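Q:
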Amino acid sequence: MFRRITSKRATRTLLWIVITIVTLTVLLFVWTNWSGKRRWAATKALIEREGETRDFHKLLPITPPEASNLLAIEPLDGIAADIESDNNKGGPGAKRKALVAMKWNGAMPPAEGVTQGKTTDFQEWVKILRETNFIDLSANSQASGNDVLTALDAKLPVLKQLADEVVTRPQAMFTPGLREREMPDLLFALRLPHYNAGQNLAKALSLRARAAVASKDSVEATRSLLVITRLAQACKQEPLMIGFLVGNTLEMMALEPLWLGLREHVFSEGDLMRLQDAFATDETTPALLLAMRGELAAGLNAVEHLQTAAEGQTKDGKNVAATLFASGNSLGMNVWRMLPNGLFDHWKSVIANMELHHLIQPLKNGGLPQSVRAGDAVASEIKSRANMILHPDHIMVNLMLPAVTQISVNALLTETRRRQALAAVALERFHLRQAKYPRRLEELVPSLLPAAPLDPCDGKPLRYRLTESGRFILWSVGFDGRDDAGKVTAGTKLNKREYVGDWAWQYEPAK
Numbered sequence: 009m010f011r012r013i014t015s016k017r018a019t020r021t022l023l024w025i026v027i028t029i030v031t032l033t034v035l036l037f038v039w040t041n042w043s044g045k046r047r048w049a050a051t052k053a054l055i056e057r058e059g060e061t062r063d064f065h066k067l068l069p070i071t072p073p074e075a076s077n078l079l080a081i082e083p084l085d086g087i088a089a090d091i092e093s094d095n096n097k098g099g100p101g102a103k104r105k106a107l108v109a110m111k112w113n114g115a116m117p118p119a120e121g122v123t124q125g126k127t128t129d130f131q132e133w134v135k136i137l138r139e140t141n142f143i144d145l146s147a148n149s150q151a152s153g154n155d156v157l158t159a160l161d162a163k164l165p166v167l168k169q170l171a172d173e174v175v176t177r178p179q180a181m182f183t184p185g186l187r188e189r190e191m192p193d194l195l196f197a198l199r200l201p202h203y204n205a206g207q208n209l210a211k212a213l214s215l216r217a218r219a220a221v222a223s224k225d226s227v228e229a230t231r232s233l234l235v236i237t238r239l240a241q242a243c244k245q246e247p248l249m250i251g252f253l254v255g256n257t258l259e260m261m262a263l264e265p266l267w268l269g270l271r272e273h274v275f276s277e278g279d280l281m282r283l284q285d286a287f288a289t290d291e292t293t294p295a296l297l298l299a300m301r302g303e304l305a306a307g308l309n310a311v312e313h314l315q316t317a318a319e320g321q322t323k324d325g326k327n328v329a330a331t332l333f334a335s336g337n338s339l340g341m342n343v344w345r346m347l348p349n350g351l352f353d354h355w356k357s358v359i360a361n362m363e364l365h366h367l368i369q370p371l372k373n374g375g376l377p378q379s380v381r382a383g384d385a386v387a388s389e390i391k392s393r394a395n396m397i398l399h400p401d402h403i404m405v406n407l408m409l410p411a412v413t414q415i416s417v418n419a420l421l422t423e424t425r426r427r428q429a430l431a432a433v434a435l436e437r438f439h440l441r442q443a444k445y446p447r448r449l450e451e452l453v454p455s456l457l458p459a460a461p462l463d464p465c466d467g468k469p470l471r472y473r474l475t476e477s478g479r480f481i482l483w484s485v486g487f488d489g490r491d492d493a494g495k496v497t498a499g500t501k502l503n504k505r506e507y508v509g510d511w512a513w514q515y516e517p518a519k
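Mind the numbering: the sequence shown is residues 9 to 519 in the working numbering, read in order.
1. In this structure, does DSSP put Ile143 in helix, strand or coil?
2. What residue range is occupied by the uninterrupted beta strand (DSSP E) comprising Ile481?
3. According to the Cβ coordinates, are Met249 and Ala197 closer than 8 Å?
4. Could you pull the start and end residues of the beta strand (DSSP E) that Trp529 belongs to?
5. Determine whether the beta carbon atoms of Ala419 and Leu376 lie at a separation below 8 Å.
6. From what residue to what residue does the alpha helix (DSSP H) around Leu470 run?
7. Helix, strand or coil: which one does DSSP assign to Ile397?
8. Expressed to the nearest angstrom, what Euclidean distance is found between the alpha-carbon atoms of Gln315 and Ser455?
9. Looking at the unbroken alpha helix (DSSP H) that takes in Phe287, where does it start and where does it end?
10. Please name the residue in Arg218, Pro178, Val174 whose C-alpha comes closest to that of Asp155.
11. Tell me which residues share the same chain as Tyr515 and place their Cβ nearer than 7 Å to its Cβ, disregarding the 5 neighbours each side in the sequence.
12. Relative to the alpha-carbon of Leu258, which residue among Leu107, Gly489, Gln207, Gly383 has its alpha-carbon at the smallest distance?
13. Which residues in the same chain as Ile390 place their Cβ atom closer than 6 Å to its Cβ, once the five residues preceding and following it in sequence are excluded?
14. If you run the structure through DSSP and keep just helix, strand and coil, what is Asn96?
15. Give the secondary structure of Ser338 by DSSP, where H, G and I count as helix, E and B as strand, and everything else as coil.
16. For the structure I just gave you, are there three or more beta carbon pairs, one from the region 52-60 and one from the region 156-169, closer than 8 Å?
17. Could you tell me whether the region 118-137 touches the region 187-205, where touching means 3 or more Cβ pairs closer than 8 Å?
18. Can you tell me whether Lys501 is helix, strand or coil according to DSSP?
19. Taking the alpha-carbon positions, what's the Ala523 to Leu297 distance?
20. Using a Cβ-Cβ cutoff of less than 6 Å, which residues in the same chain neighbour Glu74 once the five nearest sequence positions on both sides are dropped?
21. Bridge partners for Leu462 per DSSP, in chain order?
22. To the nearest angstrom, how far is the alpha carbon of Leu215 from that of Leu482?
23. Please name the residue or residues paired with Asn77 in a DSSP beta bridge.
24. Between which residues of its own chain and Met261 is the CB-CB distance below 7 Å, once the five residues before and five after are set aside?
25. I need the DSSP call for Ile415, collapsed to helix, strand or coil.
26. What is the rounded straight-line gap between the Cα of Asn337 and the Cα of Ile27?
27. What did DSSP end up calling Ile87 once you bin it into helix, strand or coil?
28. Nearest by alpha-carbon distance to Ser484: which of Thr475, Arg57, Leu462 is it?
29. What do you get for Ile70, buried or exposed, if any count of 16 or more other CB atoms within 10 angstroms of its CB means buried?
30. Pull up the CB-CB distance for Leu263 and Ala180, whole angstroms please, since I reckon it's below 8 Å.
31. If I follow the unbroken alpha helix (DSSP H) through Ala4, where does it start and stop?
32. The alpha helix (DSSP H) with Gln369 in it runs from where to where?
33. To the nearest angstrom, how far is the alpha carbon of Met512 from that of Arg187?
34. Give a yes or no on contact between the region 303-313 and the region 443-452, applying the rule of three or more CB pairs nearer than 8 Å.
35. Decide if Glu436 is buried, meaning its Cβ has at least 16 other Cβ atoms within 10 Å, or exposed.
Here's what the structure looks like:
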């Protein structure tokens, strides 16, 4: 009797527990769907009010005419094409394979001119080129810059072709352009095989410029540098964060041979004007803003794609999680389908709000320094809401949001170097005319520069002074915002957030 009563009570208790759990689950699903729908509607309105877009296609650049497109020459035309997801397939694959020959395996001498004011003997480069058999050089004599230049052009004729064509082709875009390519439904699945080819080209061109400087060849050094800047611009005009990062990397490759050419007074007045025009038009902030807008559109596209797959509206649903998270076993589609639809709306809202408030708006309103500070805030917020149980609406943003602090830091350093290079070229033009450097940067205005370049770190004019040897030093206050009179701190990379010291451009070894 007692057992019967106990059994009935246990059954009723268990039944009530089950009913309660089911009821709470249903209520949770209903509330999540309702609140997610409202939140996403408000977020879409916010995106529209801010003048931003969720449509990735609206961000795509206009393809330039073939006759003015530097990257439409025969050895490069079509290298952005993706044939059946095979990098080696078809004509584009064959062209990319040919560009692999531009990559050398040996480690080049440290490039410390721009960072430390230290030069490297050209014969150290020659030694490594011989050891790696990168180019055919005589083993019985010291190879001159002209010898290296000739050997490079013999092995890689596309370098000379690009250098010749850069004069008459003012624009650069990898072909086919993104407008001409078929976009995948999931933007994160877009293949970009041309970036690797672009980096190989830029490395070889940097070496070519270095050889031209060693041979005092102003024309070939300038043209090689101009091609590198066009390659960088081609990457950064695509609304992709990876394109921005690759473009920044290529742009930095041009600085070392430029620094050395200015130090050795290699460039003519006409070539200096061409270099100045190139650096004057390649601003970092618009390119980063475009990349962040593309990141916003791609992030929302990814969650929407996952949402429709979970609803069974796409045929490739079982592969979506694997594509997004690089793990086929991360979550099966059956698990995704069990989630309330409103949770996806919450994920999209959090991604959009984080991108808008912490990435896009700070960059638009406060420039790169504000973007760096906002990146710190993003990292702090993500860390504080890393608990998936307490903050399920932040799961996706934790997985998908890029390391924005480091991206902004790299961008700030790149922009600083661009402005320093612009000022250094103008200073060299002044030196050609006056056989000396000016006492103040303001003397460059307006004949050589429309205004004295500002330090992007604090908005004040770049610091400048003449040195006892008759040269000069240009410097930025760097991350910490403190003027250390041009002192460069050794031991920590300049692009690390913890770096303390100035970012200097000088022609004498840093003390």
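Glycine included, every Cβ here is placed at the ideal spot set by N, Cα and C. The structure displayed is predicted, hence computed values, not measured ones.
A: On the basis of the data shown:
1. coil
2. 480-484
3. no
4. With the chain covering 9 to 519 only, the question about residue 529 has no answer from this structure.
5. yes
6. Note, Leu470: premise wrong, no alpha helix (DSSP H); not H, not E.
7. coil
8. 58 Å
9. 277-289
10. Arg218
11. Gly125, Arg271, Arg479
12. Gln207
13. Asn406
14. coil
15. Only weak support exists for where Ser338 lies, its pLDDT of 46 falling under 50; the coordinates are left without a value.
16. no
17. no
18. coil
19. Residue 523 lies beyond the range of the chain shown here (9 to 519); nothing can be said about it.
20. Ala80
21. Pro469
22. 25 Å
23. Gln179
24. Ala210, Lys211, Ser214, Ile236
25. helix
26. With a pLDDT of only 45 at Asn337, under the threshold of 50, the placement of this residue in the model should not be trusted, and no figure is reported.
27. coil
28. Leu462
29. exposed
30. About 19 Å separates the two Cβ atoms, so there is no contact after all.
31. Given a span of 9 to 519 for the chain in the structure shown, any question on residue 4 remains unanswerable.
32. 369-392
33. For the sequence presented, residue 512 should be read as Ala rather than Met. The alpha-carbon atoms of Ala512 and Arg187 are separated by roughly 40 Å.
34. no
35. buried
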